[in-house]
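K.L.:
The listed protein sequences derive, respectively, from chains X and V. Sequential numbering from 48 applies to the first sequence in the working numbering. Sequential numbering from 48 applies to the second sequence in the working numbering. Have a look at this one before I ask anything.
2 protein chains.
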Amino acid sequence: MQDTKERIITLAEELIKTKGFNAFSYKDISDPLEIKNAAIHYYFPTKTDLGVAVLEQYLKSFTFHTAKWAELPEDKQLKQLFDTFSRASKDKFICLMGSLSPDYDTLQPAMQEQVSNMASAIVQWVASCLERGRSKGLFRFEGEAYDRALLVQSNLLASLLLSRVMGNKVFGKMSSRLMKDLLVDNTKK
Amino acid sequence: MQDTKERIITLAEELIKTKGFNAFSYKDISDPLEIKNAAIHYYFPTKTDLGVAVLEQYLKSFTFHTAKWAELPEDKQLKQLFDTFSRASKDKFICLMGSLSPDYDTLQPAMQEQVSNMASAIVQWVASCLERGRSKGLFRFEGEAYDRALLVQSNLLASLLLSRVMGNKVFGKMSSRLMKDLLVDNTKK
DNA sequence: TTTTTTACTTACTTACAAGTAAGTAACTTT
DNA sequence: AAAGTTACTTACTTGTAAGTAAGTAAAAAA
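Set out below in structure tokens:
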């Protein structure tokens, strides 16, 4: 049963996105899965091993999904990314970057590296999406695509954080304003 | 000696901005201040009491500083805010919002309320700064000032998070792009 | 000058976290 | 059929966290 291992990873990811990496404990996993904490250690000797596994799975899934979107026009691709954040917002989740980056200094090197990899992968993807979209006339923005990608990634990440604190309406306000800023207006009469 | 109490609050604030609220312990305070952990409990019966005190002090300080800037033109006022984040970035600090909002669901109601108050205060201040600045022709942006303030606050907050993970150059890239976006270009020949 | 208050320390308690060593039942391979 | 191997459990250790009860020395108030 590789099933248990996967369920541990999936639940750990949810816990990171709700409580944070340092705030969840093995009991938060062993109780709902009806296993003992030692079973988690069997698959993941240390909490860092578990964290790394969560990040590896996320990166695989990110790569898989963005590849699936590759045929879409760039504005639709970016919309897909926004939609994943919109779903997270509804589930009261924050994203892995929003959860793990504040704890970065408390993480062990192996996890820090994975967090950095994740950050780079997301920003790189957004940057090339924006760049191609701009050259096709779908997006409008000033400056380098990479710098713009940093700001977009920031806004998505923080929209989930602020929504938690200030209420869920904030997500809609932020994401719609952000998208309007980027899109070349094609609704002109 | 009210001095000890203030030193506890100041150190607690730093710890929140480096390790996070749940990740720091009373030992992180009692050791450097050369007191016993019971001395902290003397002033702050629970960790929540300490957290609330940190946030109250921050809010007072924020109100004080923004009041001091009130006579400046709005672009300079916003610049002051950016500068506080720039200093934080150099000290490898994140801001209180960036640290506490991911942990929001693990905080007790008394602290949640203070975090919400802080969020509102900052966004409100940025919003009215942007609004007045735009009407004076200092800023240019689309949409409501409040929505724009959410995005600006997001970008500042997340610039510190991303800088931690991706290196310190990121802060400069983000803040300069953000400021250029907002400023009406007055460097035209 | 006695009493009270302030600002702590000493010495605990309770709880829970991550992690481990040794065992076991069931399945797989030889 | 015997010998691993897999997927766990049982039962524990060690460390550390927040928090507390009782005491104390010095300063302030009566």
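Heads up, the beta-carbon is just placed ideally off N, CA and C, and yes, glycines get one too.
Since residue 53 (chain V) is in the alpha helix (DSSP H), which residue starts that stretch and which ends it?
P.N.:
Counting along the chain, the alpha helix (DSSP H) containing residue 53 (chain V) begins and ends at 50–65.
K.L.:
For residue 178 (chain V), collect the residues of the same chain with a Cβ closer than 6 angstroms to its Cβ; drop the 5 residues on either side in sequence, then sort them by chain order.
P.N.:
Excluding sequence neighbours, residue 178 (chain V) sits near 192.
K.L.:
Excluding the 5 residues flanking residue 87 (chain X) on each side, which residues of the same chain have their C-beta closer than 8 angstroms to its C-beta?
P.N.:
Here the set comprises 55, 73, 76, 77, 97.
K.L.:
Count Cβ pairs between the stretch 149–166 of chain X and the stretch 212–220 of chain V that sit closer than 8 angstroms; are there 3 or more?
P.N.:
In short, these stretches touch, since the Cβ pair count reaches three.
K.L.:
Measuring CB atoms only, is the stretch 172–188 of chain X touching the stretch 94–110 of chain V, in the sense that at least three cross pairs come out at less than 8 angstroms?
P.N.:
Verdict: no, contact absent.
K.L.:
In the stretch 204–216 of chain X, which residues sit with their C-beta less than 7 angstroms from some C-beta in chain V, listed in chain order?
P.N.:
Against chain V - using a Cβ distance shorter than 7 angstroms - the residues of the stretch 204–216 of chain X are 204, 205, 206, 208, 209, 211, 212, 213.
K.L.:
Just to confirm my understanding: we take residue 170 (chain V), look at its own chain, exclude 5 residues before and 5 after, and list those with CB closer than 8 angstroms. What are they?
P.N.:
These residues qualify, in order along the chain: 193, 196, 197, 200.
K.L.:
Between residue 121 (chain V) and residue 186 (chain V), how many whole angstroms is the CB-CB distance? I'm expecting something under 8 angstroms.
P.N.:
Their Cβ separation, rounded to whole angstroms, is 7 angstroms, which keeps residue 121 (chain V) and residue 186 (chain V) in contact under 8 angstroms.
K.L.:
So residue 52 (chain X) and residue 90 (chain X) are in contact, right, with Cβ under 8 angstroms, and what is the actual spacing, rounded?
P.N.:
That belief holds up - the Cβ atoms of residue 52 (chain X) and residue 90 (chain X) are roughly 5 angstroms apart, short of 8 angstroms.
K.L.:
Taking the straight line between their C-alpha atoms, what separation do you get for residue 131 (chain X) and residue 207 (chain V)?
P.N.:
For residue 131 (chain X) and residue 207 (chain V), the distance between alpha carbons rounds to 23 angstroms.
K.L.:
With 7 angstroms as the threshold, decide whether the Cβ of residue 221 (chain V) is near any Cβ in chain X.
P.N.:
By this cut-off, residue 221 (chain V) is an interface position.
K.L.:
Less than 7 angstroms between C-beta atoms, sequence neighbours within five positions excluded: which residues of the same chain meet that for residue 204 (chain X)?
P.N.:
Within the same chain, residue 204 (chain X) has close Cβ partners 142, 144, 145.
K.L.:
Quick one: Cα of residue 114 (chain V) to Cα of residue 158 (chain X), how far?
P.N.:
Those two C-alpha atoms are separated by around 42 angstroms.
K.L.:
Are the C-beta of residue 57 (chain V) and some C-beta of chain X separated by less than 7 angstroms?
P.N.:
Residue 57 (chain V) does not count as touching chain X.
K.L.:
Closest to residue 230 (chain V) by C-alpha separation, out of V:68, V:108, V:111, V:123, would be which residue?
P.N.:
Out of V:68, V:108, V:111, V:123, V:123 has the C-alpha closest to the C-alpha of residue 230 (chain V).
K.L.:
Considering only C-alpha positions, which residue in the set V:148, V:134, V:173, V:228 is nearest to residue 218 (chain V)?
P.N.:
Selected option, being the one with the closest Cα: V:134.
K.L.:
Kindly indicate which three-state DSSP category residue 154 (chain X) falls into: helix, strand or coil?
P.N.:
Coil.
K.L.:
Closest to residue 155 (chain X) by C-alpha separation, out of X:69, X:223, X:82, would be which residue?
P.N.:
If we check each option's Cα against that of residue 155 (chain X), X:69 comes out closest.
K.L.:
Can you list, in chain order, the stretches of the alpha helix (DSSP H) that have 4 or more residues and sit fully within the stretch 133–184 of chain V?
P.N.:
Correct list: 143–147, 156–182.
K.L.:
Report the neighbours of residue 225 (chain V) on chain X: residues whose CB is nearer than 7 angstroms to its CB, in chain order.
P.N.:
Result: 198.
K.L.:
Would a check of beta-carbon distances place residue 122 (chain V) closer than 7 angstroms to chain X?
P.N.:
Cβ-Cβ to chain X under 7 angstroms: no for residue 122 (chain V).
K.L.:
At which residues does the alpha helix (DSSP H) containing residue 93 (chain V) begin and terminate?
P.N.:
Looking at the DSSP string, residue 93 (chain V) is not in any alpha helix (DSSP H), and its letter there is neither H nor E.
K.L.:
Since residue 78 (chain X) meets chain V, which of its residues come closer than 9 angstroms, beta carbon to beta carbon?
P.N.:
Result: empty, since nearest Cβ-Cβ is about 17 angstroms, beyond 9 angstroms.
K.L.:
Could you confirm whether any beta carbon from chain X is found closer than 7 angstroms to the beta carbon of residue 149 (chain V)?
P.N.:
Judged by the 7 angstroms Cβ criterion, residue 149 (chain V) is in contact with chain X.
K.L.:
List, in order along the chain, the chain V residues whose C-beta lies closer than 7 angstroms to that of residue 66 (chain X)?
P.N.:
By Cβ distance, chain V contributes 152, 153.
K.L.:
Just verifying my parser: in three-state terms, what is the DSSP assignment at residue 119 (chain V)?
P.N.:
Residue 119 (chain V): coil per DSSP, three-state reduction.
K.L.:
Could you tell me the alpha carbon to alpha carbon distance between residue 236 (chain V) and residue 111 (chain X), rounded to whole angstroms?
P.N.:
Legend: pLDDT at residue 236 (chain V) = 39, less than 50; position of this residue unreliable, value from coordinates given subsequently. If I take the Cα positions, the gap works out to 49 angstroms.
K.L.:
Got a sec? Which residues, its chain only, sit under 6 angstroms from residue 104 (chain X) by beta carbon, not counting five neighbours each side?
P.N.:
Cβ within range, chain order: 56.
K.L.:
Which residues of the stretch 77–106 of chain X have a Cβ closer than 9 angstroms to any Cβ of chain V? Give them in chain order.
P.N.:
Cβ contacts with chain V: none found.
K.L.:
Measuring only between beta-carbons, confirm whether residue 231 (chain V) sits less than 7 angstroms from chain X.
P.N.:
Closer than 7 angstroms: no.
K.L.:
Just reading off the alpha helix (DSSP H) that residue 188 (chain V) is part of, what are its end residues?
P.N.:
No alpha helix (DSSP H) contains residue 188 (chain V), which DSSP labels as neither H nor E.
K.L.:
Could you tell me which chain X residues have their CB closer than 8 angstroms to the CB of residue 162 (chain V), listed as they occur along the chain?
P.N.:
What residue 162 (chain V) touches in chain X: 212.
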